[in-house]
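For reference, the structure is listed below as structure tokens.
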Amino acid sequence: QLHRLPQVDELSVMLDMDETEVAEALRFTGHHISLDAPFSNDSDGGTLHDMICDELGPSPDSGLDCSSREKIVASMLAGLARREQDVVRLYFGIGGEPCLTLAEIGERLGFTRERIRQIRDSALEKLKNSRDLAGVDLRDVF
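Under the working numbering, think of the first position of the sequence shown as 2, with each following residue one higher.
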């Protein structure tokens with residue numbers, strides 16, 4: 002409206018704020034620096050991104066993928082009986098536990114290895130035939 006940057010007093014009137022609050026808010030606007038900006042004047046071509054990027058840590062995309070996958074798995078397992086959920090979780094190592102063999106799951110839950118195999122197969126068949134999972138490849142999820 003003014004065809005120029007407004008003064009602090011003008012902003013405080015427009016925003017119905019104290020001038021000191023407006024001045025402090027303006028102080029934090031600062032300058033933005035691109036992550037692709039050169040980090041130094043050297044010819045090595047290093048950028049700020051190169052300096053702060055953690056190559057060993059998970060990427061932000063993988064965090065989103067993991068979170069999304071956890072929601073899908075939780076939704077899938079909700080349609081199973083409790084015993085089937087337990088067997089699938091232990092067999093595939095869902096929830097941070099290591100993958101267990103059928104015999105180890107049987108020992109933990111008090112069933113034979115063969116009964117655990119039957120429960121696992123039944124649960125996987127239910128998951129494969131679930132309408133909620135149309136087009137989802139279980140191998141991609143697990």
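Cβ coordinates follow ideal geometry from the N, Cα and C atoms, glycine included.
For clarity, every value in this text was computed on a predicted model and none was experimentally measured.
C-alpha distance - residue i paired with residue j, whole-angstrom precision
| i | j | result |
| --- | --- | --- |
| Leu49 | Thr30 | 20 Å |
| Met52 | Ser41 | 11 Å |
| Pro7 | Leu27 | 11 Å |
| Arg5 | Ala38 | 29 Å |
| Arg90 | Gly96 | 7 Å |
| Gly107 | Glu126 | 20 Å |
| Gln92 | Leu57 | Residue identity check: residue 92 is Tyr in the sequence provided, not Gln. Roughly 28 Å separates the two Cα atoms. |
| Ser123 | Arg84 | 11 Å |
| Glu11 | Thr21 | 12 Å |
| Val88 | Arg114 | 11 Å |
| Phe112 | Gly94 | 18 Å |
| Gln86 | His32 | 52 Å |
| Ala24 | Val9 | 6 Å |
| Arg70 | Ala82 | 20 Å |
Reduced DSSP category for residue i - H, G, I as helix; E, B as strand; rest coil
| i | result |
| --- | --- |
| Thr21 | helix |
| Arg84 | helix |
| Ser131 | coil |
| Leu6 | coil |
| Ile34 | coil |
Beta-bridge pairing of residue i - partner residues as DSSP gives them
| i | result |
| --- | --- |
| Pro39 | Thr48 |
Residue i and residue j closer than 8 Å at C-beta
| i | j | result |
| --- | --- | --- |
| Leu128 | Arg118 | no |
| Gly47 | Ser131 | no |
For the segment 91-118, which segments carrying the beta strand (DSSP E) assignment without a break, of at least 3 residues, lie completely within its bounds, in sequence order?
none
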